[in-house]
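Q: Residue numbers (our numbering): 1 to 254. For every residue, glycine included, the Cβ atom is placed at its ideal position computed from N, Cα and C.
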Amino acid sequence: MGKVIIIANWKMNPLSLTEAKRIFTDTKKTAQTLRNVQSVVCPPFIYVNELKSLVSGRRCLIGAQDVFFERNGAYTGEISAAMLAKAGIKYVIVGHSEKRTFGETDEVVNKKTLAALKEGLHVVLCVGERERDEHALYFDFIRRELEHALKGVPKNLTHKLLIAYEPIWAIGREAKSADTPAGTFETTLFIRKILAERYDKKMAMNMPILYGGSVNKKNAREFLVHGGVQGLLVGRASLTPAHFAEILKEADRP
Ligand code: 13P
1 MGKVIIIANW KMNPLSLTEA KRIFTDTKKT AQTLRNVQSV VCPPFIYVNE
51 LKSLVSGRRC LIGAQDVFFE RNGAYTGEIS AAMLAKAGIK YVIVGHSEKR
101 TFGETDEVVN KKTLAALKEG LHVVLCVGER ERDEHALYFD FIRRELEHAL
151 KGVPKNLTHK LLIAYEPIWA IGREAKSADT PAGTFETTLF IRKILAERYD
201 KKMAMNMPIL YGGSVNKKNA REFLVHGGVQ GLLVGRASLT PAHFAEILKE
251 ADRP
């Protein structure tokens with residue numbers, strides 16, 4: 001078994017570099033001591049370099065929240081996979097629902113996934129339904145998202161891929177609640193089935209799947225033990241170092 005992967009998605013927080021440094025330094029203190037956890041903190045781009053310079057060792061890395069699919073050129077406001085790789089960034093989140101809400105299409109998610117994988121980055125590909133309907137149509141939605149995102153992605157590039165299952169209804173302050181570990185477990189089976197159809201069974205079984213959506217110190221362990229996932233993608237709770245440290249420690253327990 002590989003390490004448990006805990007990814008902090010800070011989203012558009014905090015407001016200052018000073019605060020960002022404080023949160024990262026605190027988080028790193030705990031993360032560095034854990035043998036069974038790979039931690040990755042994804043801050044806003046403007047803090048990436050500065051926080052990267054605070055990294056020591058490999059247990060707590062800096063990642064990015066997004067990437068553009070072209071390599072360089074006239075693309076105002078964008079940052080390419082090659083730039084991230086050259087800056088020493090190893091993980092990038094792609095297809096987060098908050099980007100999709102503001103117009104990121106399946107086609108763009110696909111291009112970003114391919115570009116980042118080709119550059120050798122670990123891609124944390126986010127999928128998840130807006131609603132969990134009682135007829136289970138949400139499975140079709142997840143299938144479509146996955147199939148679109150992985151169009152043209154050859155098997156030899158998938159060893160750096162991670163899938164994050166983030167049901168949109170479970171994300172953020174307005175969320176009804178987190179998913180249940182049983183609900184997530186069912187979805188991971190479904191995701192693995194799609195991967196097995198598309199690639200093969202071994203690849204599908206080995207693919208790290210993460211759960212995200214209202215993860216906190218109380219439910220983190222349940223998802224890791226009963227949710228069929230190998231890691232967590234944490235939003236709000238990752239901004240409070242003491243809280244996030246509890247999640248990291250729960251993940252480290254054998
Ligand atoms: P919350 O943990 O704040 O619900 O956010 C989840 C998320 O979107 C992580 O990418």
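1) With a 10 Å radius around its C-beta and 16 neighbouring C-beta atoms as the bar for buried, classify Met207 as buried or exposed.
2) Count the other CB atoms within 10 Å of the CB of Glu166; is the residue buried (16 or more) or exposed (fewer)?
3) Which of helix, strand or coil does DSSP assign to Ser80?
4) At a cut-off of 8 Å, would you count His122 as near ligand 1, judging by its Cβ distance to the nearest heavy atom?
5) To the nearest angstrom, how far is it from the Cα of Glu261 to the Cα of Ala175?
6) Out of Gly212, Thr76, Lys193, state which residue places its alpha-carbon closest to the alpha-carbon of Asp271.
7) For the structure I just gave you, are there three or more beta carbon pairs, one from the stretch 157-171 and one from the stretch 114-129, closer than 8 Å?
8) Spatial neighbours of Leu248 within its chain, please: CB distance less than 7 Å, with the 5 preceding and 5 following residues excluded, ordered by chain position.
9) May I ask which residues mark the beginning and end of the alpha helix (DSSP H) holding Ile142?
10) Are Leu121 and Ala149 close, meaning C-beta to C-beta below 9 Å?
11) Where Glu131 and Ile79 are concerned, what is the direct C-alpha to C-alpha distance, given to the nearest angstrom?
12) Specify the secondary structure class of Ala175 as computed by DSSP and reduced to three states.
13) Helix, strand or coil for His96? Go by DSSP, reduced to three states.
14) Could you check which residue in Lys3, Asn9, Val4, Gly2 has the C-alpha nearest to that of Arg236?
15) Could you check whether Thr188 and Ile168 sit closer than 9 Å to each other, using their CB atoms as the reference points?
16) Just to confirm my understanding: we take Lys111, look at its own chain, exclude 5 residues before and 5 after, and list those with CB closer than 8 Å. What are they?
17) Give a yes or no on whether the minimum CB-CB distance between Phe45 and chain D is below 9 Å.
18) Let me check you understand the geometry: is the CB of Val100 closer than 8 Å to at least one non-hydrogen atom of ligand 1?
19) Under 9 Å between the Cβ atoms of Lys155 and Met203?
A: In terms of the structure at hand:
1) Taking the first residue of the sequence shown as position 1, residue 207 is located at position 207. Burial state of Met207 is buried, judged by a 10 Å Cβ sphere holding 16 or more other Cβ atoms.
2) Indexing the sequence shown from 1 puts residue 166 at position 166. Counting Cβ neighbours within 10 Å, Glu166 comes out buried, since at least 16 surround it.
3) The residue labelled residue 80 in the question sits at position 80 within the sequence shown. Ser80: strand per DSSP, three-state reduction.
4) Numbered from its first residue, the sequence shown carries residue 122 at position 122. It does not: the Cβ of His122 is nowhere closer than 8 Å to a heavy atom of ligand 1.
5) No answer is possible for residue 261: the residues shown for the chain start at 1 and end at 254.
6) Only positions 1 to 254 of the chain appear in the structure, and residue 271 is not among them; the question remains open.
7) yes
8) The sequence position of residue 248 within the sequence shown is 248, counting from 1. Excluding positions up to five away in sequence, the list reads Ile6, Thr30, Ala31, Leu34, Val37, Ser39.
9) Here residue 142 refers to the residue found at position 142 when the sequence shown is read from its first residue. Element bounds for Ile142: 138-149.
10) Here residue 121 refers to the residue found at position 121 of the sequence shown. Here residue 149 refers to the residue found at position 149 of the sequence shown. It is not a contact, given that the beta carbons lie outside the stated cut-off.
11) Taking the sequence shown and counting its residues from 1, the one referred to as residue 131 is at position 131. Taking the sequence shown and counting its residues from 1, the one referred to as residue 79 is at position 79. The alpha-carbon atoms of Glu131 and Ile79 are separated by roughly 32 Å.
12) Sequence index remark: in the sequence shown, residue 175 carries index 175 (1-based). Residue state, collapsed to three classes: coil.
13) Here the question's residue 96 lines up with position 96 in the sequence shown. The answer is coil: DSSP assigns His96 none of H, G, I, E or B.
14) Taking the first residue of the sequence shown as 1, we reach residue 236 at position 236. Cα-wise, what sits closest to Arg236 is Asn9.
15) Counting from one through the sequence shown, the residue named residue 168 turns up at place 168. Counting from one through the sequence shown, the residue named residue 188 turns up at place 188. No, Cβ-Cβ distance for Ile168 and Thr188 is not below 9 Å.
16) Residue mapping note: residue 111 aligns to position 111 of the sequence shown, counting from 1. Phe69.
17) The structure shown contains no chain D; it holds only a single protein chain.
18) Along the sequence shown, read from residue 1 onward, the residue named residue 100 stands at position 100. For clarity, residue 100 is Arg in the given sequence; the question names Val instead. Incorrect: Arg100 has no Cβ contact closer than 8 Å to ligand 1.
19) Counted from its first residue, the sequence shown places residue 155 at position 155. Counted from its first residue, the sequence shown places residue 203 at position 203. Yes, the pair counts as a contact, with Cβ atoms nearer than the cut-off.
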